[in-house]
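Working notes, beginning with the structure itself.
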Amino acid sequence: MTVSQHLMTSSVPIPDWWITDADSIERELTERVAVGESTRLSVSPGGRHVYAAYYGLAEPEWKGTANFNSALGAKNPDAYYSRNNRTRPVLCIIGGIHGHEIEGMASALSVIRILESGLDLAGNPQPELATKLSRLRVIVIPLANPDGRARVPYRGWSGIPQDEMTRWGQGTRSNGELYRWQPCKAVHPMKGDVGILGGYFDDNGVNMMHDDWAEPMSETTKALLRLVAAEGPDCLINLHSYSSAPGVLPTAYVPDSQQRRIDAFASKLYARLADRGHSHGKQPADLIGVGLASAEAPLNLQSLLYHVGADLPILFESPHGVVSPTAAPFGYEAILDVHHQLFELAAEELLAGRMVKG
1 MTVSQHLMTS
11 SVPIPDWWIT
21 DADSIERELT
31 ERVAVGESTR
41 LSVSPGGRHV
51 YAAYYGLAEP
61 EWKGTANFNS
71 ALGAKNPDAY
81 YSRNNRTRPV
91 LCIIGGIHGH
101 EIEGMASALS
111 VIRILESGLD
121 LAGNPQPELA
131 TKLSRLRVIV
141 IPLANPDGRA
151 RVPYRGWSGI
161 PQDEMTRWGQ
171 GTRSNGELYR
181 WQPCKAVHPM
191 KGDVGILGGY
201 FDDNGVNMMH
211 DDWAEPMSET
221 TKALLRLVAA
231 EGPDCLINLH
241 SYSSAPGVLP
251 TAYVPDSQQR
261 RIDAFASKLY
271 ARLADRGHSH
281 GKQPADLIGV
291 GLASAEAPLN
301 LQSLLYHVGA
311 DLPILFESPH
321 GVVSPTAAPF
331 GYEAILDVHH
341 QLFELAAEEL
351 LAGRMVKG
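Position 18 of the sequence shown, counting from 1, maps to 18 under full-length UniProt numbering, and the rest follow consecutively.
This is the structure we're talking about:
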């Protein structure tokens, strides 16, 4: 029997506009980007290309004389980048670090479509969001892990049982037992007792969120860190997905001032989501020191992105829309709207100067 014969069906139809497969995403970046500029960041272990789209002029004249860490050591953040002098604050959006977390991929593509045409991925006009984004420098990486995405046979998860998403996301042992989150992180790189290599990992079994920072195993990890160090984003949004209502998670090993800003951003986002009838997660501050978060936190990619130069790192978790007793039900239109609210809030805050604080 083929893999496709084992796939589950959902009562929630997937819209034609919901573009999440690796080949279509590559075509979007190589064939449809005209207003912006598309460049190849890296090549995955499986030989697949990772692309970034850039919109708005860079302002390298405000780049300083030190890397971010050394500038902090000098107690002079402007030695890294004089962010407050920029006319275009920089927003960086990264999707698809984990190849099964497709909601952020589609939503990142929507940003590209909006900046290219004023229409979102579903074909709806987004004039206000387009205007706000066009006043920024926007960098979009829709799919950072095309290897993982290529192994996952589903286009969307809404209405699919949670365990089926877990099977393809975190993968299985050779006997079919689910690895699950967080136990899948106990083997890294993910090799050996593997039945299905989950979308979490590239073809070398590397989960970029937990790469080896002394000697990164992934060329894409290196490329992302180089990009962020060179650009010094005023806000970086790292798009992930889980089964719960949309939420902002805390970022470990950043200053308390950053945690407070992350929490304030989440509060504003949740108010917007509630106004539009969407449920939402807990405040990031409420997740620190509680339950699983009470254990020693990993210094993961999100933390490293801050430490190489990303001001206000936002780790966003979208709902998959999967089915389980504890999952949050979300359809595709609602998932896209949630992300649009996220991006619009980030743009508004950047334009108001509330994030540009070095």
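Don't be surprised by glycine CBs; every beta carbon is placed ideally from N, CA and C.
- Counting along the chain, the unbroken alpha helix (DSSP H) around residue 104 starts and ends at 102-117.
- Put simply, the backbone Cα of residue 31 is about 45 angstroms away from that of residue 296.
- Distance between residue 124 and residue 236, taken at the CA atoms: about 25 angstroms.
- Residue 57 and residue 275 have their C-alpha atoms spaced approximately 34 angstroms apart.
- Less than 7 angstroms separates the beta-carbon of residue 220 from that of residue 50.
- Nearest in C-alpha terms to residue 144, of all of 176, 197, 40, 215, is 40.
- Judged by pairs of C-beta atoms under 8 angstroms, the segment 169-186 does not touch the segment 211-225, as fewer than three such pairs exist.
- For the set 62, 55, 314, 26, the Cα lying nearest the Cα of residue 131 is the one of 55.
- Three or more pairs of CB atoms, one per stretch, sit closer than 8 angstroms, so the segment 6-13 contacts the segment 148-162.
- Put simply, of 139, 29, 68, 208 the residue whose alpha carbon is nearest the alpha carbon of residue 92 is 139.
- Proximity to residue 210 across 188, 222, 287, 71 peaks at 188, based on C-alpha coordinates.
- Residue 270: member of the alpha helix (DSSP H) spanning 256-275, first to last residue.
- Along the segment 115-200, the beta strand (DSSP E) occurs as fully enclosed runs of 3 or more residues at 137-141, listed in sequence order.
- Taking C-beta atoms as the reference points, residue 335 and residue 103 count as a pair closer than 7 angstroms.
- At a Cβ-Cβ threshold of 7 angstroms, residue 279 and residue 310 do not count as neighbours.
- Look at residue 335 here: in three-state DSSP terms it is helix.
- Partner residues in the beta bridge of residue 40, as assigned by DSSP, are 51.
- For the pair residue 174 and residue 203, the CB atoms are not nearer than the 7 angstroms cut-off.
- Within 10 angstroms of the beta-carbon of residue 238 lie 16 or more other beta-carbons, which makes it buried.
- The three-state reading of DSSP puts residue 95 in coil, since its state is none of H, G, I, E or B.
- Excluding the 5 residues flanking it on each side, residue 20 has same chain C-beta neighbours closer than 6 angstroms at 102, 105, 106, 155, in chain order.
- Closest in alpha carbon position to residue 35, among 229, 180, 53, is 53.
- Assignment of residue 25 by DSSP, reduced to helix, strand and coil, places it in the helix class.
- Approximately 35 angstroms separates the beta-carbon atoms of residue 147 and residue 86; this is outside 8 angstroms, ruling out the contact.
- The three-state secondary structure of residue 318, taken from DSSP, is strand.
- Looking only at 343, 200, 225, the smallest Cα-Cα distance to residue 97 is reached by 200.
- Taking C-beta separations shorter than 8 angstroms and ignoring five residues to either side along the sequence, the partners of residue 223 in its chain run 41, 42, 50, following chain order.
- The alpha carbon of residue 300 has as its nearest neighbour, out of 212, 80, 90, the alpha carbon of 212.
- Shortest Cα-Cα distance from residue 152 to any of 127, 198, 183 involves 198.
- Within the DSSP bridge table, the entry for residue 236 names 92, 313 as partners.
- Secondary structure note for residue 305: its alpha helix (DSSP H) is the uninterrupted segment 301-308.
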